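Structure record follows, encoded as structure tokens.
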Amino acid sequence: MSIAVAQSSFWTSLSRYGRSKGLWLLLLVAPIGARFMIAPDDGSGIQIAVGRHLPVMTSAMLGISLGIVVSTLLLPIGFVYLRSNVTRRQPWQIDEVSAASRIAMTLGRFGADVAILFGVLAALTAAGWFLGAFIVTGPLNIGDIVVTLWLVAAPAVMGLVAIHLMFDALPVTRRATGELLYFILWMVSLVMPLAAGGSASSFSSNMLDFPGFVRPLIGAAPLQGQDIVIGGSDGLLPGRKPLDVMAGINAPGYLASRAAWAMVAILVAALAGLVYRPHRPPRRSARKGIVARWLAPGPPAPADHTAPPALPNRLAFAGLVLAEFRAIGVGRPFLLMAFIAALVGIIGDFRHIGSPTAMLLLIFAAVAHAGRSEARGLLALTQVTVQSPNARRIAFILATIGWSLLLAVPGAIVRISSEPLLLALITGGVMAIVAIGLAMFSRSAFAPRLVLLVLWYGYLSS
Numbered sequence: 337m338s339i340a341v342a343q344s345s346f347w348t349s350l351s352r353y354g355r356s357k358g359l360w361l362l363l364l365v366a367p368i369g370a371r372f373m374i375a376p377d378d379g380s381g382i383q384i385a386v387g388r389h390l391p392v393m394t395s396a397m398l399g400i401s402l403g404i405v406v407s408t409l410l411l412p413i414g415f416v417y418l419r420s421n422v423t424r425r426q427p428w429q430i431d432e433v434s435a436a437s438r439i440a441m442t443l444g445r446f447g448a449d450v451a452i453l454f455g456v457l458a459a460l461t462a463a464g465w466f467l468g469a470f471i472v473t474g475p476l477n478i479g480d481i482v483v484t485l486w487l488v489a490a491p492a493v494m495g496l497v498a499i500h501l502m503f504d505a506l507p508v509t510r511r512a513t514g515e516l517l518y519f520i521l522w523m524v525s526l527v528m529p530l531a532a533g534g535s536a537s538s539f540s541s542n543m544l545d546f547p548g549f550v551r552p553l554i555g556a557a558p559l560q561g562q563d564i565v566i567g568g569s570d571g572l573l574p575g576r577k578p579l580d581v582m583a584g585i586n587a588p589g590y591l592a593s594r595a596a597w598a599m600v601a602i603l604v605a606a607l608a609g610l611v612y613r614p615h616r617p618p619r620r621s622a623r624k625g626i627v628a629r630w631l632a633p634g635p636p637a638p639a640d641h642t643a644p645p646a647l648p649n650r651l652a653f654a655g656l657v658l659a660e661f662r663a664i665g666v667g668r669p670f671l672l673m674a675f676i677a678a679l680v681g682i683i684g685d686f687r688h689i690g691s692p693t694a695m696l697l698l699i700f701a702a703v704a705h706a707g708r709s710e711a712r713g714l715l716a717l718t719q720v721t722v723q724s725p726n727a728r729r730i731a732f733i734l735a736t737i738g739w740s741l742l743l744a745v746p747g748a749i750v751r752i753s754s755e756p757l758l759l760a761l762i763t764g765g766v767m768a769i770v771a772i773g774l775a776m777f778s779r780s781a782f783a784p785r786l787v788l789l790v791l792w793y794g795y796l797s798s
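Residue numbers (my numbering): 337 to 798.
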């Protein structure tokens, strides 16, 4: 019976994916990303360097480079797709009262999700064959491209699906908390491989390399003072360095570690079905603690029956901007965190301390309001108001920029410089446009929040 349940869950999820328009965009993400991640010698694009030298682009090295595209680009975008595509809304009202095994249903969904992402890897493989005809040094070996790409990317993609199902199984990680935790896990997965490169190849050291690209780049021996750079071309030495990628793949413990990560992904998916918690309305306690009472919004002002009628608003758009400003900064916790973020802007380098702190606060506050504003039900209501939805979106952008400028004022005053204000104007504008644009497309706060967190990480580390 469990096998039949898993098969039914697999084919049902797969048929729903067939109705996903976003699937066609997802199939294009990795090939387009490969165009910019695998850069030529002219210094454009993102370079992959070992020991301050670009590697010779053999067929095996091309496969590893495509695997790095998956680790740095497809994993966060794939998580966005899994959380916001047509399978986001599950019939849990039926599933949770069914006598069928929850583990079997989860493993069926796991198989469907993996099949879809493997389709993306297949599209990336085909793009690699086409790209290899132009940039590979020496003979083009299609088999080397397939082996190196799939050894690196397939276990990482399976791990992504397992994490998604685990977060979907627990109430606390079904919303913004899960997105933040995944962002942290993704950053850790990019940093941990450096620990694997500092020691000789073994099963235990290679298990630290979840993306799986470090050992093929450095071989069986430790890094020995060399470094791996994935980014710009500053500081690179002329000439390309030959790398024996296949020696790294055949290094002790590497193949076993990739198989182990695939098995871990399957076990985590089964565990997600085991620990699955049904949807329940939140419990509301009649008595609130001191912290809960302080965090709760204050009571509304009492009505004044003797007040005169309101006069016509001669500055309707200005009032709309002010309303959006208040809606973004609602609640005492936000005001407290905004005060702290403004104080942080006083100390240290504003570009690397104050500005990222203010951005992180506004990412959660502004995106949450953008997701609420672009919900389908509320959008249908706002279309019949005096102010059009597009006017409200413009007001949202201006209000977000206003909060960004307000948080930068203390830093500008202390430094007697307009640079913090200019930086806040640019970052606030970009953040607001991305937030409202993706919220319009996805009708939720999830996609803009995760995309902005990825952009925030790039801004912080640049």
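Beta carbons are placed, not taken as given, at the ideal position from N, Cα and C, and that holds for glycine.
Quick caveat, the model's predicted, so the values are computed rather than measured.
Distance between residue j and residue i (C-alpha atoms, nearest Å)
| i | j | result |
| --- | --- | --- |
| R751 | D685 | 10 Å |
| S724 | T718 | 7 Å |
| G773 | A706 | 9 Å |
| I689 | V600 | 37 Å |
| S420 | L734 | 27 Å |
| V604 | V405 | 24 Å |
| T408 | R445 | 24 Å |
| P367 | I683 | 43 Å |
| S780 | I699 | 14 Å |
| A498 | A451 | 13 Å |
| P491 | A606 | 16 Å |
| V483 | L476 | 14 Å |
| S537 | G589 | 7 Å |
| L651 | S709 | 22 Å |
| N586 | V392 | 19 Å |
| A637 | A643 | 13 Å |
| G514 | A583 | 38 Å |
| L496 | M523 | 13 Å |
| V722 | W597 | 56 Å |
| S778 | I730 | 18 Å |
| R662 | T736 | 10 Å |
| G455 | G354 | 12 Å |
| G379 | L350 | No answer about G379 holds up, because its pLDDT of 49 lies below 50 and its placement is not dependable. |
| G548 | I400 | 9 Å |
| A462 | L364 | 12 Å |
| F782 | F675 | 26 Å |
| D480 | F670 | 53 Å |
| S541 | V493 | 20 Å |
Option nearest residue i by Cα separation, candidates the options
| i | options | result |
| --- | --- | --- |
| H500 | V703, I602, V341 | I602 |
| V666 | P692, A702, R687 | A702 |
| F539 | L607, R785, R594, H641 | R594 |
| L679 | T484, R708, V745 | V745 |
| A810 | M543, A654, I400, M397 | Limits of the chain in this structure are 337 at one end and 798 at the other, which puts residue 810 out of reach. |
| F415 | Q343, L521, P635 | L521 |
| P552 | S709, P574, M528, L579 | L579 |
| A517 | L759, P412, T736 | For clarity, residue 517 is Leu in the given sequence; the question names Ala instead. Measuring from the Cα of L517, the nearest candidate turns out to be P412. |
| S395 | R668, V581, L796, V770 | V581 |
| L362 | L460, V482, F470, F519 | L460 |
| M441 | P636, F346, G354, P491 | F346 |
| L696 | L496, A731, L788 | L788 |
| W739 | M767, T721, I749 | M767 |
| L398 | I384, G747, S535 | I384 |
| A608 | V657, R687, M502 | M502 |
| L796 | A469, T693, A775 | T693 |
| R687 | A663, I730, I762 | I762 |
Residues bridged to residue i (per DSSP)
| i | result |
| --- | --- |
| L390 | R576 |
| A342 | None, per the DSSP bridge assignment. |
Residue burial classification, residue i (beta-carbon count within 10 angstroms, cutoff 16)
| i | result |
| --- | --- |
| L672 | exposed |
| E660 | buried |
| R712 | exposed |
| S753 | exposed |
| R438 | buried |
| L610 | exposed |
| L457 | buried |
| W486 | buried |
| I339 | exposed |
| S434 | exposed |
| V770 | buried |
| P784 | buried |
| A342 | buried |
Open item on the list: My parser needs the alpha helix (DSSP H) runs of 4 or more residues fully inside the stretch 707-788; what are they?
Closed with: Qualifying alpha helix (DSSP H) stretches, in chain order: 712-718, 725-751, 755-778.
- [ ] Identify every run of the alpha helix (DSSP H) within the stretch 522-553, keeping only runs that are complete inside it and at least 4 residues long; order them along the chain.
- [x] Here the runs fully enclosed are 529-533, 539-542.
TODO: At 4 residues or longer, and completely inside the stretch 635-699: list those alpha helix (DSSP H) runs for me, N to C.
DONE: The qualifying runs are 652-664, 668-680.
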